[in-house]
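If you read the protein sequences in the order shown, they are chains W and Z.
Per this note's numbering, the very first residue in the first sequence carries number 1; after that it's consecutive.
Per this note's numbering, the very first residue in the second sequence carries number 1; after that it's consecutive.
Cβ atoms here follow ideal geometry from the backbone N, Cα and C, with glycine treated the same way.
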Amino acid sequence: MRYEAPDSLDAATELLSSEPGVSRILAGGTDLLVQMHAGMTEPDLIVDIKKIPDLRAIVAEDSGFRIGAAVTGAEMGEHRELKSAWPGVVEAVELIGSTQIQGRATPGGNLCNASPAADSVPAMVAAGATVTVVGTEGTREIPVQEICTGPGQTSLKKGEIVVSFKLPARPSRSGDAYLRMTPRTEMDIAVVGVGVNLTMDQEGNCIDARVAIGAVAPTVLLVPEAAAALIGTKVDESALAELASAASAACRPIDDKRGTKKYRIKVAGVLAKRAAKIAVERAGQSL
Amino acid sequence: MSITEQESAEMKVVGTRISRPDGVDKVTGRARYGADLMLPGMLQGATLRSPHAHAKLISIDTSRAEALPGVKAVVTRDDFKDQPSEIVAAGELPVNYRDVVRNMMAREKVLYDGHPVAAVAATSMSVAKKALKLIQVEYEVLPHVINVVDAMKPGAPILDENLRTQGDESAPDTPTNISKRVQTGFGDVDAGFAAADIIVEREYDTEPVHQGYIEPQACVASYTEDGHAEIWVSTQGHFLIRSFTARLCGLDVSKLKVTPSEIGGGFGGKNNVYGEPIALALSRKAHRPVKMVMSRNEVFRATGPTSGANMKVKVGCTRDGKITAADAVLNYQAGAFPGSPVMQASMTAFACYALENVRVVGFDVVSNRPKVAAYRAPGAQVVAFGVESVMDEMAKKLNMDPVEFRLKNAAKEGVKASFGPTLGPVGLVECLEEIKSHPNYSVPLGPNQGRGVASGFWFNIGGETCVNMNLSEDGTVALMVGTPDIGGSRASMSMMAAEALGIDPKSVTVSVGDTNALGFNFLTAGSRTTFASGKATVEAAQKMILELRSRAAKIWDISVDAVVWEEGEARPASSNAGDFEPLTLAELAKKAPKTGGPIAGHAETNVQGAGPSYASQVADVEVDPETGQVKILRFTVAQDAGKAIHPSYVEGQYQGATAQGIGWALNEAYIYDENGRLENPNFLDYRVPVASDLPMIDSIIVEVPNPNHPYGVRGIGETSIIPVTAAIANAIESATGKRLLKLPMSPPEVLEAIEGNA
Ligand SMILES: Cc1cc2nc3c(=O)[nH]c(=O)nc-3n(C[C@H](O)[C@H](O)[C@H](O)COP(=O)(O)OP(=O)(O)OC[C@H]3O[C@@H](n4cnc5c(N)ncnc54)[C@H](O)[C@@H]3O)c2cc1C
């Protein structure tokens with residue numbers, strides 16, 4: 001097994017694409033090292049991307065934010081402007097693991113590990129985030145939800161690296177929130193996770209919304225029907241009830257060791273309602 | 001925290017909170033645990049385990065593994081002699097050598113996912129792992145059975161064709177998974193129910209749960225060329241590791257020296273052999289030391305959880321709240337081999353109550369899961385879920401406060417215990433009174449919140465104990481005990497020694513001796529260590545004091561009866577004895593070579609007179625009505641310690657036991673797939689509580705002294721796990737109006753109960 005830690009994107013993509021055996025990107029390693037330890041993967045080449053400056057910065061850009069894919073959860077949590085603009089995205093990233101894990105875990109790793117239960121992904125999808133992907137054949141910019149194609153599977157080609165996340169500019173009176181259900185308070189995998197991002201007008205009507213749900217299908221789902229239940233309403237009890245049923249209706253879960261179908265479907269609706277309420281409250285504070 | 005002060009007035013050291021002598025090494029990483037020993041030439045051992053829940057072991061071909069460079073030895077069933085059926089005591093559960101050898105390494109069959117099939121020793125872990133993949137095993141897969149009720153049904157897959165139900169004359173002479181029927185009780189249960197105004201009868205199911213110790217099983221074994229051997233191991237009882245390993249490897253007991261390492265938790269799970277005989281057999285073949293360390297996956301798949309059970313509990317009561325009869329049937333899951341704690345369960349089931357008519361029938365049932373091991377008050381915690389839930393329901397039907405109901409029927413001194421003997425002084429009433437008057441019991445509850453109480457009983461044990469106390473030449477004291485220190489017992493021993501000798505506990509250094517250093521010591525189990533090793537320590541101190549007095553008498557040339565030992569020094573008994581300056585320990589130690597040589601005290605005894613410990617608890621919960629999630633808001637424990645030698649460690653035991661009970665109540669469970677493979681052999685999916693799941697657990701130390709211990713000690717390590725699941729179930733019922741009859745009470749189960757029409 002070979003370990004490389006290049007300091008440029010070009011060198012990293014070159015290393016990855018020229019390796020004839022199994023190559024793996026290493027960010028925080030909180031998924032990869034666990035999988036190696038369990039014997040699930042035995043890479044021939046590990047390319048550590050933490051030395052590449054582009055991947056390690058959070059920058060304000062076009063009134064939005066560009067977040068390097070290898071920025072840690074703790075670093076995102078400490079970024080005041082980011083946290084006040086996108087509290088839902090940041091709280092989702094900060095839910096990953098524990099204090100120790102937060103010092104390592106990255107949004108890039110969380111996305112590319114392609115777990116349907118990854119916490120940051122529904123929040124990113126609800127936020128309308130895009131990612132910049134760089135490979136030997138060039139650069140592409142795609143919505144976050146196009147990376148994962150199934151559990152453990154991505155649309156990334158050999159040698160491609162997710163470089164950064166782009167969070168768009170924020171209209172005023174916008175708010176987002178992420179909630180997850182785990183049997184324990186910490187150190188657990190979401191049985192259901194819901195991200196809600198919305199914008200209100202001066203009269204208190206919801207004029208834009210995005211709702212995404214995790215752990216209820218092979219990939220995180222963007223649910224336009226759930227968003228539609230909010231748009232044009234005052235996000236009152238009846239709109240929330242509509243939202244809950246739309247969120248539940250979109251679920252295509254399985255029964256597994258972490259939860260039953262029935263439970264996931266029900267709780268998706270409950271969390272959607274609760275997340276929407278928090279998002280509305282935050283929108284009210286972001287005048 | 002409130003301590004009912006008893007006799008601490010006269011005691012100077014006992015009852016104080018000194019800092020533990022092993023603490024600094026533990027927080028600085030210097031403490032050496034099972035996996036920390038390195039020896040020259042040491043090899044890494046690894047175990048091949050069955051992927052099947054139940055299969056015939058047709059053949060094992062190890063030739064390719066043996067040929068791999070770096071592999072120094074491979075062992076299979078052929079390297080261990082078969083053992084005849086012979087039942088011996090092993091901690092709190094008896095075991096049969098015939099089964100022990102089969103559980104350690106499968107012979108005719110594999111009986112659970114994770115059952116060891118072969119093991120290798122190699123120059124590195126990666127070589128060892130490669131070698132495991134080269135071992136070819138031919139299995140004939142058989143139908144399997146996981147659930148205890150399914151295993152009892154006619155036509156269930158049979159684990160052992162030779163098994164017949166012991167203790168049941170009516171049982172047919174045909175193969176069965178029911179290994180044993182036990183019955184306890186007295187009086188006329190039918191008459192008791194006939195006299196009842198109200199009867200509550202319910203059926204409950206619980207899941208097996210793992211002890212969840214942080215340190216996996218680990219050992220280093222070294223077999224020398226002259227037929228001696230040494231094992232370094234993380235265990236609750238190195239003397240039992242020695243007996244079992246010597247037996248399984250065909251060694252004279254005295255040729256095997258076992259040294260206990262520091263231990264990162266055991267809770268009953270480290271009372272058995274797993275890798276130790278395998279490591280020794282590998283070392284004998286490889287002619288080099290071998291280290292075996294389990295992974296968490298192996299710990300979950302192949303070491304003993306405690307039993308899950310199916311049970312029926314029935315209680316009858318008069319309208320004014322007097323229990324007239326109590327009856328239960330307990331079906332306890334034993335795992336792959338007989339030996340669940342169903343007898344302890346039967347004896348403890350109704351031990352909190354003064355009863356005239358009581359009966360408990362228990363069955364020990366094998367199924368395709370790892371063989372159960374002891375776990376904190378084995379058996380009692382399982383049945384308490386059913387019994388204490390029924391008692392709560394009864395109190396509700398009577399419109400009585402649940403603590404009042406329990407007080408009205410409480411077991412106390414002079415009562416014939418439901419398991420037979422008449423109780424001596426015990427503290428259940430005191431615990432219930434403490435709970436009743438604690439602020440936790442009266443703080444107002446908000447919406448979706450509920451409160452539950454429950455009680456528990458545990459016997460505690462004494463047993464074989466041997467300690468050595470040596471006076472060093474500078475007057476400090478070296479005390480050696482044979483019971484591994486899991487919960488701070490070195491601190492408690494130093495305190496009891498210091499109290500007895502009248503000196504500062506800092507002058508007493510306590511170590512845990514290896515098997516060559518002391519006579520046989522039973523395990524650190526059954527809450528016995530502070531009681532039994534403590535009692536032996538005081539006895540050794542008294543013998544040393546006698547010797548010290550006789551040395552002083554010699555120096556002063558007076559009779560030993562004219563010398564007293566007070567405040568750490570020898571003094572003339574009175575002015576009649578003569579006018580001598582007192583002699584301190586240091587002075588006597590210095591003069592020892594001239595007065596007869598080394599000064600020591602010993603005790604070798606089978607300690608009797610353990611005092612049972614009762615506990616009562618109150619739990620406050622909040623239930624999320626839309627997700628079924630249960631939050632523990634407050635939790636208060638009152639438990640009878642007899643006497644708390646070191647109150648902080650007593651509180652630590654109450655809190656730790658409660659935390660484990662909370663995990664058991666809410667989330668812990670084994671999840672098997674349709675092939676009988678364990679799906680959650682890790683701490684991510686086997687959900688023990690994390691710190692943020694727990695409130696501060698408030699501890700009330702009740703002290704009703706045990707007359708059979710010099711300082712009044714009862715064991716306290718176990719009881720507080722017993723009431724927890726029922727206290728929480730009762731609190732959930734109080735919050736939601738729904739009674740849960742099944743553990744764990746996980747969010748989906750609670751939500752189902754809330755939304756169901758039950
Ligand atoms: C104790 C513990 C608790 C956890 N709790 C949670 C939790 O609560 N919620 C949750 O969602 N997850 C949790 N996780 C999983 C994990 O921490 C997260 O998924 C984390 O975000 C992964 O980030 P990483 O940087 O450590 O990824 P790594 O392990 O470094 O990488 C993960 C995968 O993504 C690939 N990869 C990484 N970066 C890139 C990139 N820039 N471009 C392309 N591919 C890339 C890697 O090759 C690998 O396949 C937990 C893990 C542990 C060990």
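Across the stretch 172-185 of chain W, CB contacts with chain Z closer than 8 Å involve Met181, Pro183, Arg184 and Thr185, in sequence order along the chain. Within the same chain, and ignoring the five residues on either side of Ala641 of chain Z in sequence, the residues whose Cβ sits closer than 8 Å to its Cβ are Ser613, Val650, Ile701, Val702, Glu703, Val713, Arg714 and Ile716. With a contact defined as Cβ atoms closer than 8 Å, Val110 of chain Z and Ala55 of chain Z qualify at about 5 Å. The alpha-carbon separation between Ile58 of chain W and Arg104 of chain W amounts to approximately 16 Å. Nearest to Gln44 of chain Z by C-alpha distance, out of Z:Gly268, Z:Glu201 and Z:Pro289, is Z:Pro289.
Distance from the CA atom of Thr259 of chain Z to the CA atom of Thr235 of chain Z, rounded to whole angstroms, is 9 Å. By the neighbour-count definition (other C-beta atoms within 10 Å, threshold 16), Leu167 of chain W is a buried residue. One alpha carbon belongs to Gly519 of chain Z, the other to His238 of chain Z, and they sit about 12 Å apart. Within chain Z, Pro748 have C-beta atoms less than 8 Å from the C-beta of Thr260 of chain W, given in sequence order. At a beta-carbon threshold of 7 Å, the residues of chain Z lying near Ile189 of chain W are Leu684, ordered along the chain. With 16 or more other Cβ atoms from the protein chains shown falling within 10 Å of its own Cβ, Ser616 of chain Z counts as buried.
Relative to Ala540 of chain Z, the option among Z:Ser63, Z:Tyr139, Z:Tyr274 and Z:Leu471 whose CA is nearest is Z:Leu471.
Those residues of the stretch 688-701 of chain Z placed with their C-beta closer than 9 Å to a C-beta in chain W are Val688, Pro689, Val690, Ala691, Ser692 and Asp693, ordered along the chain. Rounded to the nearest whole angstrom, the CA to CA distance from Thr99 of chain W to Cys148 of chain W is 27 Å. For Tyr3 of chain W, the closest Cβ of chain Z is not nearer than 8 Å. Here the distance from the Cβ of Cys112 of chain W to the nearest heavy atom of ligand 1 is below 7 Å. At a cut-off of 7 Å, the beta-carbon of Thr106 of chain W counts as near ligand 1: some heavy atom of the ligand is closer than that.
Around the beta carbon of Arg319 of chain Z, fewer than 16 other beta carbons sit within 10 angstroms, so the residue counts as exposed. Among the residues of chain Z, those whose CB is under 8 Å from the CB of Lys257 of chain W are Ile671, Glu679, Asn680 and Asp685, following chain order.
With a minimum length of 4 residues, the unbroken runs of alpha helix (DSSP H) contained wholly in the stretch 390-434 of chain Z fall at 402-408. Inter-residue distance for Ile60 of chain Z and Leu240 of chain Z is about 30 Å (C-alpha atoms, whole angstroms). Identification of residues in the stretch 268-285 of chain W having a C-beta nearer than 7 Å to some C-beta of chain Z yields Val270, given in sequence order. A Cβ-Cβ contact shorter than 8 Å links Leu678 of chain Z with Asp113 of chain Z. Here the alpha carbons of Glu94 of chain W and Ser115 of chain W stand approximately 17 Å from one another. Distance check between Lys371 of chain Z and each of Z:Val360, Z:Pro341 and Z:Ile323 places Z:Pro341 closest, using alpha-carbon atoms only. Ala276 of chain W is a Cβ neighbour of Val235 of chain W, given a cutoff of 8 Å. The straight-line gap separating the alpha-carbon atoms of Gly232 of chain W and Asp150 of chain Z is approximately 56 Å. Given a length threshold of 3 residues, each whole run of the beta strand (DSSP E) inside the stretch 102-181 of chain Z is given here in chain order: 116-122 and 136-141.
Beyond the five residues adjoining it in sequence on each side, Glu75 of chain W comes within less than 8 Å, by CB distance, of Ile58 in the same chain, given in chain order. If you draw a straight line from the Cα of Ala603 of chain Z to the Cα of Asn460 of chain Z, it comes to about 21 Å.
Assignment of beta-bridge partners to Thr206 of chain Z by DSSP yields Z:Ala309. Counting along the chain, no beta strand (DSSP E) covers Ile265 of chain W; the unbroken alpha helix (DSSP H) around it starts and ends at Lys261 to Gln285. A buried status is given to Lys291 of chain Z, since no fewer than 16 other beta-carbon atoms sit within 10 Å of its beta-carbon. Annotation: the stretch 248-279 of chain Z contains the following complete segments of the beta strand (DSSP E) (minimum length 3 residues), in chain order: 256-260. Going by C-alpha positions, Ala239 of chain W is about 6 Å away from Leu230 of chain W. The alpha-carbon separation between Val133 of chain W and Val120 of chain Z amounts to approximately 46 Å.
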